[in-house]
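2 protein chains.
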Amino acid sequence: MNNFMFYSPTEFVFGKDTELQTGALVKKFHGTKALIVYGGGSVVKSGLLNKVKQSLDEAGIAHIELGGIQPNPTDPKVYEGIELGRRENVDFLLPVGGGSVIDTAKAIAAGIPYEGDFWDFFIGKAIPQAALRIGVVLTIPAAGSEGSGNSVITKVNGLKKLSLRTPEVLRPAFAVMNPEVTYTLPAWQTASGVTDMMAHIMERYFTNTTDTEVTDRLGEGTLKAIIKEARIVMKEPHNYDARANIMWAGTIAHNGICGTGCEEDWASHFMEHEISALYDVTHGAGLAVIFPAWLTYMADHNVGKVAQFAERVWDVPSSADLKAVALEGIARFKAFLHEIGMPVTLKELGIEHPDIDLLVAHLHENKGELVGNYVRLDRQASRTIYEIANGSTNF
Amino acid sequence: MNNFMFYSPTEFVFGKDTELQTGALVKKFHGTKALIVYGGGSVVKSGLLNKVKQSLDEAGIAHIELGGIQPNPTDPKVYEGIELGRRENVDFLLPVGGGSVIDTAKAIAAGIPYEGDFWDFFIGKAIPQAALRIGVVLTIPAAGSEGSGNSVITKVNGLKKLSLRTPEVLRPAFAVMNPEVTYTLPAWQTASGVTDMMAHIMERYFTNTTDTEVTDRLGEGTLKAIIKEARIVMKEPHNYDARANIMWAGTIAHNGICGTGCEEDWASHFMEHEISALYDVTHGAGLAVIFPAWLTYMADHNVGKVAQFAERVWDVPSSADLKAVALEGIARFKAFLHEIGMPVTLKELGIEHPDIDLLVAHLHENKGELVGNYVRLDRQASRTIYEIANGSTNF
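Going down the list, the protein sequences come from chains A and B.
Adding 31 to a residue's 1-based position in the first sequence gives its number in my numbering.
Adding 31 to a residue's 1-based position in the second sequence gives its number in my numbering.
Next up, the structure:
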């Protein structure tokens with residue numbers, strides 16, 4: 032087990048009607064004027080935004096709004112938010128939405144007190160030293176951004192989708208999580224969220240660090256719970272307990288607890304970021320295509336943990352033939368993804384003729400010549416994985 | 032799943048040589064003068080206390096000391112610490128030790144700014160509104176106090192062992208956790224710690240709240256990891272990775288994550304507190320006696336979750352005969368406890384003639400006529416469990 036620091040100071044307020052506590056929570060964390068950030072009209076139509084604003088009013092918190100954040104959020108809305116927040120002297124960011132909305136709010140929170148261009152943080156030119164405080168009202172369980180210090184933003188000019196990871200400065204002070212607000216999520220979005228949270232665990236789980244039994248078991252257990260509850264939720268979108276388990280799993284998957292003491296991987300995420308930057312697909316659906324392809328490559332190049340994953344998460348019987356165990360686990364994972372309506376090839380994702388040359392080029396331009404840790408992927412390896420995702424069996 | 036709040040803001044700094052960061056961490060959390068609290072001579076002999084003091088000196092943090100805290104810590108040391116801390120104007124509590132030392136420091140931290148008697152907090156007469164900040168250097172993985180807002184203190188006058196649970200005010204700001212400092216723990220103390228952390232998970236796991244799959248899986252997975260690593264650690268006390276897994280499991284077991292959304296039980300802990308208050312036994316060893324007895328009673332009175340525990344944690348094959356499954360799981364649990372050197376009856380714990388009348392009377396005087404939640408125990412039920420612990424098979 033490696034040395035680690037685990038710090039998850041977010042106050043998670045979970046359950047029915049918890050959005051009514053938003054104002055009191057902003058006040059508890061010393062906010063006086065909040066910039067509410069949201070996406071499309073669903074939080075307006077559902078009445079959630081109104082409930083949040085009423086709760087702010089009751090707590091005496093002033094508020095202004097920035098709506099219209101899109102999936103795979105881009106830099107223009109961040110610049111707009113920074114301008115607006117500075118002009119209006121806000122001291123608190125309040126995203127009401129999913130990962131795209133939260134990540135935009137985080138970039139704004141770091142950008143407001145920074146004299147330079149906020150994009151500096153995403154290209155590694157600067158490290159955020161301070162940020163406005165952030166409180167989240169979560170509507171989509173997927174990205175885990177409510178419990179992480181991370182943000183992912185796409186630069187429109189150049190289609191660079193980059194992530195910023197901070198140990199603490201961008202961690203939300205609180206996250207309000209009412210599973211009922213997820214009842215109306217479309218099936219596609221629900222399933223994409225499920226895939227994303229599974230991927231967040233797996234990016235940490237596939238490690239060469241040995242003797243991380245506690246962390247392994249936390250990840251495997253959460254994956255098993257997600258698999259069970261996702262099957263229920265796809266059939267019964269209004270099942271409170273299944274929605275609640277999925278929502279809480281999304282946070283556990285990404286607040287860091289499932290990676291304690293491990294060297295993490297993250298190659299699949301980086302590979303998917305190139306796909307969604309180029310083809311604007313849903314991140315989780317892109318991961319449903321990339322992760323099985325990545326695992327298939329790993330069955331040949333570093334089979335150990337893939338076999339453990341197959342045995343402990345997918346109940347594949349043990350065998351001395353680790354590759355066979357691994358491949359059966361991957362087959363069960365793909366069958367599960369199909370069952371919840373996810374694609375497992377680029378074609379099923381709607382990309383008939385992927386430009387693999389360009390994906391490989393962008394990946395290594397953005398992330399260096401070697402990507403990931405479980406196996407460090409060079410251009411040949413990442414090309415092979417994109418080709419597996421494209422249906423190739425020649426590897 | 033029930034509504035819940037989960038807030039674990041402690042910064043866990045885990046791994047080799049982390050004690051050297053103590054001074055910087057106290058400074059980060061705005062301490063300027065620390066009261067170091069410790070137990071016997073082991074932290075002196077091992078050189079740990081010196082390393083901590085040197086780290087404080089290097090960070091420019093003033094410090095004074097209060098040593099001599101005993102297991103099952105009592106109120107006189109708390110009063111002494113409050114007096115000393117006030118007189119010397121300390122603004123930070125720095126326990127270097129295990130649960131007894133940390134719990135004493137917490138009571139001092141809450142007592143210093145409080146005008147009344149600190150014992151008010153433990154008898155429910157007052158709720159702590161403020162406390163000095165606490166940072167922990169952990170030496171015994173067991174109580175989980177490094178990641179909890181709880182403290183357990185025994186009043187010498189009347190032998191009342193009572194616990195105080197706060198959602199946040201007593202949560203340590205940081206916890207420094209170096210598994211190497213646990214190499215020299217005696218086998219008895221290691222095994223007692225293992226039992227205590229297992230009990231912390233089980234007190235949360237045995238619930239009538241349904242559909243808590245994520246939480247169940249986190250608890251079951253952590254228990255499985257503890258069982259595996261404890262077997263290694265008992266044979267190889269200097270195995271770093273096994274010590275590290277056990278140490279981290281002790282925190283996970285008690286920082287609240289394994290109880291999210293559940294009505295918790297805690298009857299076994301309360302029953303054990305009466306035993307250790309009366310007979311001054313090691314808390315974990317007392318739990319090794321009480322918990323199997325409690326489970327045996329539950330196999331007859333609320334078998335569901337006991338059977339799930341048997342199947343998922345102890346790999347007992349499924350069967351329609353849930354009671355048989357449950358009893359086999361309890362048998363495997365007891366065999367494991369014997370394997371690591373723990374007692375499973377009061378006699379094995381060294382109490383030949385327990386005063387069960389007095390234990391029952393104290394339990395219900397301190398905790399009310401009905402204790403616990405999984406099955407609410409009246410005097411007859413708690414008597415039966417103490418009798419099972421005493422070897423009785425007439426139930």
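Beta carbons are placed, not taken as given, at the ideal position from N, Cα and C, and that holds for glycine.
Any idea which residues DSSP pairs residue i with across the strands?
i                     : result
residue 44 (chain A)  : A:207, B:36
residue 246 (chain B) : In the DSSP output, where bridge partners are listed per residue, residue 246 (chain B) has none listed.
residue 123 (chain B) : B:65, B:164
residue 169 (chain A) : A:128, A:208
residue 191 (chain B) : B:186
residue 97 (chain A)  : A:68
residue 402 (chain B) : B:408
residue 196 (chain B) : B:181
Report all residues from its chain with a CB closer than 8 Å to the CB of residue i; omit the five preceding and five following residues, and keep chain order.
i                     : result
residue 199 (chain A) : 38, 40, 180
residue 342 (chain B) : 348, 349, 356, 360
residue 159 (chain B) : 141, 145, 152, 195, 197, 200, 201
residue 387 (chain B) : 414, 417, 418, 421
residue 400 (chain B) : 409, 410
residue 36 (chain A)  : 198
Could you tell me which chain A residues have their CB closer than 9 Å to the CB of residue i, listed as they occur along the chain?
i                     : result
residue 365 (chain B) : Those do not exist, as residue 365 (chain B) stays about 22 Å from chain A at its closest Cβ, beyond 9 Å.
residue 379 (chain B) : Those within 9 Å of residue 379 (chain B) in chain A number zero; the least Cβ separation is about 29 Å.
In chain B, which residues lie with their C-beta within 9 Å of the C-beta of residue i?
i                     : result
residue 256 (chain A) : 244, 245, 246, 247, 248, 249
residue 173 (chain A) : The premise fails here: residue 173 (chain A) is roughly 15 Å from chain B at the closest Cβ pair, so nothing lies under 9 Å.
residue 346 (chain A) : Those within 9 Å of residue 346 (chain A) in chain B number zero; the least Cβ separation is about 12 Å.
Please work out which residues of its chain come closer than 6 Å, Cβ to Cβ, to residue i, disregarding the five sequence neighbours upstream and downstream, and give them in chain order.
i                     : result
residue 94 (chain A)  : 65, 67, 87
residue 32 (chain B)  : 242, 243, 292
residue 119 (chain B) : 95
residue 506 (chain B) : Not covered by the structure: residue 506 (chain B). The range shown for chain B is 32 to 426.
residue 265 (chain A) : 371
residue 98 (chain A)  : 69
residue 329 (chain B) : 337
residue 51 (chain A)  : 86
residue 406 (chain B) : 332, 333
residue 131 (chain B) : 100, 102, 104
May I ask which residues mark the beginning and end of the alpha helix (DSSP H) holding residue i?
i                     : result
residue 307 (chain A) : 298-310
residue 413 (chain A) : 410-420
residue 343 (chain B) : 335-345
residue 27 (chain B)  : This structure cannot settle anything about residue 27 (chain B), because the visible part of chain B is limited to 32 through 426.
residue 174 (chain B) : First-last for residue 174 (chain B): undefined, no H or E at that position.
residue 78 (chain B)  : Taken as a continuous stretch (DSSP letters only), residue 78 (chain B) belongs to no alpha helix (DSSP H), as it is neither H nor E.
residue 378 (chain A) : It is not in any alpha helix (DSSP H) - residue 378 (chain A) carries neither H nor E in the DSSP assignment.
residue 323 (chain B) : 314-332
Excluding the five sequence neighbours on either side, which residues of its own chain have a C-beta within less than 7 Å of the C-beta of residue i, listed in chain order?
i                     : result
residue 80 (chain A)  : 69, 74, 127
residue 122 (chain B) : 62, 63, 64, 163
residue 143 (chain A) : 113, 116, 117, 163
residue 310 (chain B) : 382
residue 365 (chain A) : 323, 375
residue 89 (chain B)  : 54
residue 214 (chain A) : 268, 269, 274
residue 369 (chain B) : 375
residue 254 (chain A) : 229, 232, 344
In chain A, what lies closer than 8 Å to residue i by C-beta?
i                     : result
residue 280 (chain B) : 245
residue 49 (chain B)  : 34
residue 237 (chain B) : Near residue 237 (chain B) there are no residues of chain A at all, since even the closest Cβ is about 17 Å away, more than 8 Å.
So the beta strand (DSSP E) residue i belongs to, where does it begin and stop?
i                     : result
residue 274 (chain B) : Note, residue 274 (chain B): premise wrong, no beta strand (DSSP E); alpha helix (DSSP H) at 271-283.
residue 181 (chain B) : 181-186
residue 113 (chain A) : Per DSSP, residue 113 (chain A) belongs to no beta strand (DSSP E); it is in the alpha helix (DSSP H), 106-118.
At a CB-CB cut-off below 8 Å, which residues of chain B make contact with residue i?
i                     : result
residue 33 (chain A)  : 46
residue 275 (chain A) : 32, 242, 292
Can you pull the chain B neighbours of residue i, defined as C-beta to C-beta under 7 Å?
i                     : result
residue 252 (chain A) : 248, 249, 251, 252
residue 39 (chain A)  : 39
residue 291 (chain A) : 279
residue 260 (chain A) : 244
Touching by the beta-carbon criterion (3+ pairs, under 8 Å), the region 220-229 of chain A and the region 176-192 of chain A = no
Could you tell me whether the region 278-290 of chain B touches the region 168-175 of chain B, where touching means 3 or more Cβ pairs closer than 8 Å?
-> yes
Say whether the region 206-220 of chain B touches the region 302-311 of chain B, bearing in mind that this needs 3 or more beta-carbon pairs closer than 8 Å, one atom from each stretch.
-> no
If you pair each beta-carbon of the region 256-274 of chain A with each one of the region 244-251 of chain B, do three or more pairs fall below 8 Å?
-> yes
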